Structures are given as C-alpha cells and as structure tokens.
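Remarks on the structure that follows.
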Amino acid sequence: MKYSILENTDLRLSRFIFGTASLFNVGGPGKRRALLEAAVEAGFSHFDTAPYYGFGLAERDLAPVLKAHPEVTFTTKVGIYSPGGENQSDAAVFLRKAAGRFIRPVSRPEIDFSLARARQALEGSLRRTGRQTVDLYMLHEPELPLVATDDWRRWLEDRVQAGTVRQFGLALTADRLAPFFDAGADLGAVIQICDSLKAREADLLPRHGRPLQITYGYVSAAMAGPEPVSVPDILAQALRRNPAGAVIVSSTKISRLAQYGRIADEVSP
5 MKYSILENTD
15 LRLSRFIFGT
25 ASLFNVGGPG
35 KRRALLEAAV
45 EAGFSHFDTA
55 PYYGFGLAER
65 DLAPVLKAHP
75 EVTFTTKVGI
85 YSPGGENQSD
95 AAVFLRKAAG
105 RFIRPVSRPE
115 IDFSLARARQ
125 ALEGSLRRTG
135 RQTVDLYMLH
145 EPELPLVATD
155 DWRRWLEDRV
165 QAGTVRQFGL
175 ALTADRLAPF
185 FDAGADLGAV
195 IQICDSLKAR
205 EADLLPRHGR
215 PLQITYGYVS
225 AAMAGPEPVS
235 VPDILAQALR
245 RNPAGAVIVS
255 STKISRLAQY
265 GRIADEVSP
C-alpha cells in the first residue's frame, strides 16, 4: 500500500482508507475484528469510523486493532449519533436495524450539534476506541447554521491544545459544504467529501483554493449508473483524481483486501 502526507496536516495516511460504515454486515464480533486486522496486514494504516456506524460497535471493534497497532490512525466524527446509544449489544443492534426496515424511527440517527453533546461524544469515542487522542475528528454532515460559531471553533482548537484531537475538519457532501465556502466559515484543515467520477462533486474544493484530501463514494456512484462497473478500474481512476490524498473504501471480505494495495501500487508513482 502506498502512503501520502495529507495536505495541510502532518497525517501520514494509506492511499486507501478502510471505512467501517458497513462493518456490522460482516457478522459477529470475531469476524468483524478479523477483517479489521486483515486490513492492517493488507497495508491500510487509517480507518474511518463514527459513533453512528454499527450504533457504536464499529468504534468498539476498532479498539483491539488500535491497541495492537499503535502506528494505525483513525477518523471519528461528531454530530450524528446512534438511536438507543452507542453501548448496545450486538443483539440489540441487530434487532434495532431489523426493526428499522419496517419502523424507520427505530433506527433513525439522532442529530445533535450542541457543544454539550459534543463533549460527551468525544469522551465516548475515546473510551470506545481505547485511544487518548482522535487523529482526525470530523463534524459529521453538519449544516452551516448549527456549527459556524466561535464557540465551536474555540472548542475544537482547545481539544487540539489539550491533546485529545490531532486535527479536525468537515465530513460532508458538496451541497452542504458550499454554504461554508459562501460564508467564509473555516472549521478545520481537513475536508472529507463525497465524490464521483461522473459528477465530480469534489471540484468544489479547488474552485475555492482547497485541495482534494479525503474522498469517497466512487464505487457506489458508478454502480448506480447503467454501465457495467469494473471496481478496480473505478478505484484506480479515483486515486488518479485524488493524487495527493486518500480514498475511503470498504469490503466485507478478507479475500478482497489485497486488491487495494495492488491498485495503489499501480497508480502511485
């Protein structure tokens, strides 16, 4: 796996980041943690997670991997939370997700961008992951009026000074990001944005003097179209589009992890 220093930061990331949004679909705790460990062995040095992923289980599943590999870094987020809290059992999460297919409010995320909740959320994420510092702490799909305040900026900067956060920024779609640029609101050195090869949503960044840093969504966008999709080809194009940053990917099968290193080796100089 090739690596790069994320622009505007001191973070050294694998060119592919392993995303944990669908980790719960792998199966029981043993299978999930085996997949994460295999991802490290395949060269992934950074994981993307959030309190909402697996209703807290994704962060907890990462804990033994992060403990075993101190050099591995991770992103987690603030602002979107799990219905029922982040400390539910596997069985409770399964039942809630299953019921949510028929009764949507049962699995609907809780959105709360109050600073009081953020303080609790950061403490919870550190406890679940077993780390003293979050390498990259991202506001999770925020809307401008909820977070573009001096209090939010000051709190995040204070967390960096305290050593509980290394870098912070925004994780969101282009339509939510545009108002931040229009208002001149700066909430961190890093922007994680959903992108696609066809619509090129992330072109919003260079138009405002910002580099592509962390991008995602390429395979799902391509599979939604009418054309046949070659996943390796889509991922290679994604790396070429984001040549100095990192692309979030995910897989539920250990056997597929080696392809990411091969693709990164072929694309990167």
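Positions 5 to 273 (the working numbering) are the ones given, in order, by the sequence shown. Beta carbons are placed, not taken as given, at the ideal position from N, Cα and C, and that holds for glycine. Please read all numbers here as calculations on a predicted model, not as lab measurements.
(1) Using only CA atoms, which one of Arg100, Ser129, Arg64, Arg245 lies nearest to Lys81?
(2) Quick one: is Phe117 buried, meaning 16 or more other Cβ sit within 10 Å of its Cβ, or exposed?
(3) Report back the beta-carbon spacing between Ser18 and Phe59 to the nearest angstrom; my notes put them in contact at under 8 Å.
(4) Mind the definition here: the region 125 to 144 touches the region 92 to 112 only if three or more C-beta pairs lie below 8 Å; say whether that holds.
(5) Are the Cβ atoms of Gly23 and Ala67 separated by less than 9 Å?
(6) Do you know how far the Cα of Glu90 is from the Cα of Pro55?
(7) Go ahead and pull the three-state DSSP assignment for Ile258.
(8) Can at least three beta-carbon pairs, one atom from the region 258 to 271 and one from the region 225 to 234, be found at a separation below 8 Å?
(9) Could you spell out where the alpha helix (DSSP H) holding Tyr222 opens and where it closes?
(10) Hey, out of Gln196, Val251, Gly213, Tyr222, whose CA is closest to Gly203's CA?
(11) Smallest Cα separation from His212: which of Glu231, Ser200, Ala189?
(12) Would you mind working out which of Leu261, Gly265, Thr256, Arg260 sits nearest Gly31, comparing C-alpha positions?
(13) Please state whether DSSP places Asp207 in a helix, a strand or coil.
Reading from the atomic positions:
(1) The residue given as residue 81 occupies position 77 in the sequence shown. It is Ser129 whose Cα lies nearest to the Cα of Lys81.
(2) The residue labelled residue 117 in the question sits at position 113 within the sequence shown. Per the 10 Å Cβ criterion, buried.
(3) Position 14 of the sequence shown, counted from the first residue, corresponds to residue 18. Position 55 of the sequence shown, counted from the first residue, corresponds to residue 59. Actually they do not touch by this definition, with Cβ atoms about 26 Å apart.
(4) no
(5) If you number the sequence shown from 1, residue 23 lands on position 19. If you number the sequence shown from 1, residue 67 lands on position 63. No, Cβ-Cβ distance for Gly23 and Ala67 is not below 9 Å.
(6) Locating residue 55 in the sequence shown gives position 51, counting from the first residue. Locating residue 90 in the sequence shown gives position 86, counting from the first residue. Spanning the two alpha carbons is a distance of roughly 6 Å.
(7) As a position in the sequence shown, residue 258 is number 254, starting the count at 1. The answer is helix: DSSP assigns Ile258 an H, G or I state.
(8) no
(9) For the purposes of this step, residue 222 is identified with residue 218 of the sequence shown, where counting begins at 1. Note, Tyr222: alpha helix (DSSP H), 222 to 227.
(10) Working through the sequence shown from its first residue, we reach residue 203 at position 199. It should be noted that the sequence gives Ala, not Gly, for residue 203. Of the listed residues, the one whose Cα sits closest to Ala203 is Tyr222.
(11) Within the sequence shown, numbered from 1, the residue matching residue 212 stands at position 208. Out of Glu231, Ser200, Ala189, Ala189 has the C-alpha closest to the C-alpha of His212.
(12) Numbered from 1 along the sequence shown, position 27 holds the residue referred to as residue 31. It is Thr256.
(13) Residue numbering aside, residue 207 sits at position 203 when the sequence shown is read from its first letter. The answer is helix: DSSP assigns Asp207 an H, G or I state.
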